[in-house]
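Novice:
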Amino acid sequence: MRRDILAWLAVAALSFPLAPVLAAQGGTVTILGTWGGQELAAFEKVLEPFEAATGINVEFTGTRDLPAVLTTRVQAGDPPDMAALPNPGQMQELAAGGHLVDLGKVLDMKQLRNDYAPVWVEMGSYGGKLQAIFISADLKSLVWYDPKAFAAAGYSVPTTWDEMMALTDRIASQGETAWSIGLESGAASGWPGTDWIEDIMLRTAGPALYDQWVAHDIPWTHPAVKRAFEIFGQIARNPRYVYGGPTAVLSTNFGDAANPLFTKPPGAYLHRQASFITSFIREKNPGLVAGEDFTFFPLPAIDPKYGVPALGAADMIGVFKDTPQTRALVRYLATPGAQEIWVAQLGKLSAHKRVNPNAYPDELTRKMAEVLVNAQVFRFDGSDLMPPAVGSGAFWEGVLNYVGGEDLDTVLETIEAAADDAYTSGKATD
Amino acid sequence: MRTGRSWAWSFVAPALLILGLYLVYPTLATIYTSFLDRGSVHWVGLENYGYAFTSPAMLTAFRNNLLWLFLFTAATVGLGLMLAVLTDRVRYEAVAKSVIFLPMAVSFVGAGVVWKFVYAYNPPGASQIGLLNQIVVALGGQPVGWLLERPWMNNIALIVVGVWIWTGFAMVILSAAYKGIPRDLKEAARVDGAGEWQLFWRVSLPYIQSTLAVVTTTMLINVLKVFDIVYVMTNGNFGTEVVANRMYKEMFQFRNFGRASAVAVVLFLAIVPLMLLNIRRFRQQEVER
Chain R
48 MRRDILAWLA
58 VAALSFPLAP
68 VLAAQGGTVT
78 ILGTWGGQEL
88 AAFEKVLEPF
98 EAATGINVEF
108 TGTRDLPAVL
118 TTRVQAGDPP
128 DMAALPNPGQ
138 MQELAAGGHL
148 VDLGKVLDMK
158 QLRNDYAPVW
168 VEMGSYGGKL
178 QAIFISADLK
188 SLVWYDPKAF
198 AAAGYSVPTT
208 WDEMMALTDR
218 IASQGETAWS
228 IGLESGAASG
238 WPGTDWIEDI
248 MLRTAGPALY
258 DQWVAHDIPW
268 THPAVKRAFE
278 IFGQIARNPR
288 YVYGGPTAVL
298 STNFGDAANP
308 LFTKPPGAYL
318 HRQASFITSF
328 IREKNPGLVA
338 GEDFTFFPLP
348 AIDPKYGVPA
358 LGAADMIGVF
368 KDTPQTRALV
378 RYLATPGAQE
388 IWVAQLGKLS
398 AHKRVNPNAY
408 PDELTRKMAE
418 VLVNAQVFRF
428 DGSDLMPPAV
438 GSGAFWEGVL
448 NYVGGEDLDT
458 VLETIEAAAD
468 DAYTSGKATD
Chain V
36 MRTGRSWAWS
46 FVAPALLILG
56 LYLVYPTLAT
66 IYTSFLDRGS
76 VHWVGLENYG
86 YAFTSPAMLT
96 AFRNNLLWLF
106 LFTAATVGLG
116 LMLAVLTDRV
126 RYEAVAKSVI
136 FLPMAVSFVG
146 AGVVWKFVYA
156 YNPPGASQIG
166 LLNQIVVALG
176 GQPVGWLLER
186 PWMNNIALIV
196 VGVWIWTGFA
206 MVILSAAYKG
216 IPRDLKEAAR
226 VDGAGEWQLF
236 WRVSLPYIQS
246 TLAVVTTTML
256 INVLKVFDIV
266 YVMTNGNFGT
276 EVVANRMYKE
286 MFQFRNFGRA
296 SAVAVVLFLA
306 IVPLMLLNIR
316 RFRQQEVER
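Here the protein sequences come in this chain order: R and V.
Under the numbering used here, the residue at position 327 of the first sequence is numbered 374, and the numbers go up by one with no gaps.
Under the numbering used here, the residue at position 148 of the second sequence is numbered 183, and the numbers go up by one with no gaps.
#1: Per DSSP, R/H269 is paired with what?
#2: Cβ of R/S183 within 7 angstroms of Cβ of R/S397?
#3: Run through DSSP, which three-state label would V/A110 get?
#4: Would a C-beta distance cut-off of 7 angstroms place R/A271 and R/L256 closer than the cut-off?
#5: Could you tell me whether the segment 276-295 of chain R touches the segment 360-378 of chain R, using the rule of 3 or more Cβ pairs below 8 angstroms?
#6: Using the rule of at least 16 other Cβ atoms within 10 Å of the residue's Cβ for burial, across every protein chain shown, is R/A57 buried or exposed?
#7: Under a three-way DSSP split, which group does V/M254 fall into?
#8: Look at the Cβ atom of R/G394, then the Cβ atom of R/T412, and state whether they are nearer than 7 angstroms.
#9: May I ask you to list, following chain order, the residues of the segment 286-318 of chain V that have a beta carbon less than 7 angstroms from some beta carbon of chain R?
#10: Roughly how many angstroms separate the alpha carbons of R/S236 and V/F289, rounded to a whole number?
#11: Determine whether the beta carbon atoms of R/L186 and R/L419 lie at a separation below 7 angstroms.
#12: Against chain V, with Cβ distances strictly below 7 angstroms, would R/L79 count as a contact?
#13: Any chance you could list the alpha helix (DSSP H) runs of at least 4 consecutive residues sitting entirely within the segment 149-216 of chain V, in chain order?
#14: On the DSSP bridge assignment, give the partners of R/R319 in chain order.
#15: Please list, in chain order, the chain R residues whose beta carbon lies closer than 9 angstroms to that of V/Y127.
#16: Using three-state DSSP, classify R/I182 as helix, strand or coil.
#17: Would you call the segment 253-267 of chain V and the segment 428-444 of chain R touching, i.e. three or more CB-CB distances under 8 angstroms?
#18: Can you name the residues of chain R whose CB is closer than 7 angstroms to the CB of V/L183?
#19: Assuming R/A131 is part of the beta strand (DSSP E), what are its boundary residues?
#20: Could you pull out every residue in the same chain whose Cβ sits closer than 8 angstroms to the Cβ of V/Q320, ignoring the five residues on either side in sequence?
#21: Using a cut-off of 9 angstroms between C-beta atoms, extract the partners of R/T114 located in chain V.
#22: Have a look at V/Q163 and R/E86 and give me their C-alpha separation to the nearest angstrom.
#23: Hey, which unbroken runs of the alpha helix (DSSP H) at 4 residues or more fall wholly within the segment 94-165 of chain R?
#24: Count the other CB atoms, across all protein chains shown, that sit within 10 Å of the CB of V/N280; report buried if there are 16 or more and exposed otherwise.
#25: Please name the residue, chosen from V/L51, V/P186, V/M254 and V/T68, that lies closest to V/W78 on a Cα-to-Cα basis.
#26: Measure the alpha-carbon distance for R/L113 versus R/T81 and round it to whole angstroms.
#27: Examine chain V for any beta-carbon lying closer than 7 angstroms to the beta-carbon of R/S227, and answer yes or no.
#28: Using a Cβ distance threshold of 8 angstroms, determine whether the segment 296-303 of chain R contacts the segment 257-276 of chain R, with at least three qualifying pairs required.
#29: With a cut-off of 8 angstroms, do at least 3 Cβ pairs link the segment 192-212 of chain R to the segment 347-354 of chain R?
#30: For V/G230 and V/A224, what's the separation of their Cα atoms in angstroms?
#31: Just the Cα atoms here: how many angstroms apart are R/F425 and V/N257?
#32: Just to confirm my understanding: we take V/L312, look at its own chain, exclude 5 residues before and 5 after, and list those with CB closer than 6 angstroms. What are they?
#33: Is the Cβ of R/L447 closer than 7 angstroms to any Cβ of chain V?
#34: Does the separation of the CB atoms of V/F287 and R/T118 fall below 7 angstroms?
#35: Could you confirm whether any beta carbon from chain V is found closer than 7 angstroms to the beta carbon of R/T457?
#36: Might you give, ordered along the chain, the residues of its own chain that have their beta carbon closer than 8 angstroms to the beta carbon of V/G180, omitting 5 neighbours on each side?
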């Protein structure tokens, strides 16, 4: 017994100078995120070289109910080591509560500022400290179509909003439907509609007013917001323009909404959805070739003054526990190599400047990355930035009610009431 | 006598301690939190209760909970009683009862997912994957968006799921009570010239009265807490909100601990009288035995 203790002390004494190195070898990192299926498999691929090199075991737990699970665990004082957060709003709340580790102490900030455009560093920061890094981005302002069906019907890709609406009308006059939209997404139903409205806001009101809207410096009853809803409603509420009419819009799952594009004959010709929809299209319609059977054009400009802005979302990694293992992992995830594996597996886009374009799995994804890089204006998904009671509450619900036929002024007043309340009471705790 | 009493206390103490730790303390903490702001920092008095009783979302939730209260309870107890009496007379009683009781084994979330498929909607012309719309279309009708038609159709569609799960439970308890009616009593009534209908209303029903009351209050308590079905199937959209789902949203989606606690307290206060009623009934039953 005594010899055991002595031996243990000897080992401890010897390893003391080596502790920083030794501690990085082995051990575990727990990560909580929303990923499952394909995304999880891709993340495991990303981790493979890391685990092999360091001997650190990474345990990922995926839940679609991340906010609830994370809230509970953080409040209970039992957070995971790290979390993959889908929205900056939640990151900011966690950072404001002092739960996140300042990554400025972990990463080489000079290198990071070289690797990421300022907008990404700023979005990952709170209180002047880097609280999270972005490992990939999704571009939302895309309209998907089947080029073969387009060619067969003699349609050409619209370059302006007016051309797009003229095409919509032409398709309708031929007794067919132009658009397919699906707003159903379980407990998160409504979000695809908020993306539409954000995209339209950027195109009709411009980025400055968009920022004011997201920060609730203008009310929801503002004419610009109302106009964005109306432009969306012209399509989503019109049974001639949208597949199955508003009832189908409300009851179709977002992941299934692209399917009518690929039936013979097509149930619809156009589908506005983010870059990640490609994995759904492939999964539900095996055999389709990206770029040949489905491709995209950027959602066109409405007001030439504001051009073609890009709306997007991104996956961020935040750290709750400052350990040698989490430090090693976050440093690894910030490298172009790690992100190349991730984007190659999923067809996601990287915000990292040193990621090799050849890492993207196909021409289509490279084209999307090009749109993201070349956009005059990039804005993060607004609903993700708003207080959750608005962004993932009243706004989601409002879009559903509007498409369901409720009067627009009532819808906007209801969201405004919720916003009034959420933004002021949000400030009260700061 | 004295030692006997302190002995008893030492047996009860661990239970009391656990009860205090896991029930009394959280209850008190929730009540306290309900007077604080969203982050549980500042005292806001009754503000959260103002929200809990006057916000449009909560008013819709109250309306729907009331609808659930009446329809769900009436349907589960009514159908349960009917099935208890009817299955009592068939040869394949065990099988019939098992089938009706089976949904009890399905979790609320599971049932919600399954029934979401039953109610699934596809545009006219496309193939209907939803059972109900398949039937409607086969009969020559237009597919219906069951979970979208407010304010009654979608709420009733959700209540049906709850009834599907709980009717078996009501049936089993009521059936046990029904079988407990002494044979002589029924025969005596028959000899006195009572018809089957009279027998049921005048003899059987009064005899199982207290069980009926316990089942009813149990169902009322159940339905006040209804959450899973609504969360999975509509998340309270299209006017199907219920109180418990609102509590969940305020707590976990909006992270407004004050409001969530106030809604929880309101729900708790609504259930307490029913609980007391239930306990009293139980005691009466014990005395009768």
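Note that CB positions come from ideal geometry on N, CA and C, so glycine has one too.
None of the values given here were measured: they were computed from a predicted structure.
Specialist: In this structure, then:
#1: DSSP lists no partner for R/H269.
#2: yes
#3: helix
#4: yes
#5: no
#6: The predicted model places R/A57 with a pLDDT of 45, which falls under 50 and marks its position as unreliable; any figure quoted below should be read in that light. Flag for R/A57 reads exposed.
#7: helix
#8: yes
#9: F287, Q288, F289, R290 and N291
#10: 15 angstroms
#11: yes
#12: no
#13: 166-173 and 188-214
#14: R/V190
#15: By Cβ distance, chain R contributes nothing, its closest Cβ being about 39 angstroms from V/Y127, past 9 angstroms.
#16: strand
#17: no
#18: T294, L297, S298 and G451
#19: M129 to L132
#20: S245, T246 and V249
#21: Looking at the sequence provided, one finds Pro at residue 114 of chain R rather than Thr. By Cβ distance, chain V contributes F287, Q288 and R290.
#22: 30 angstroms
#23: 113-122, 135-143 and 156-162
#24: buried
#25: V/T68
#26: 6 angstroms
#27: no
#28: no
#29: yes
#30: 9 angstroms
#31: 49 angstroms
#32: T252
#33: yes
#34: yes
#35: no
#36: Y156
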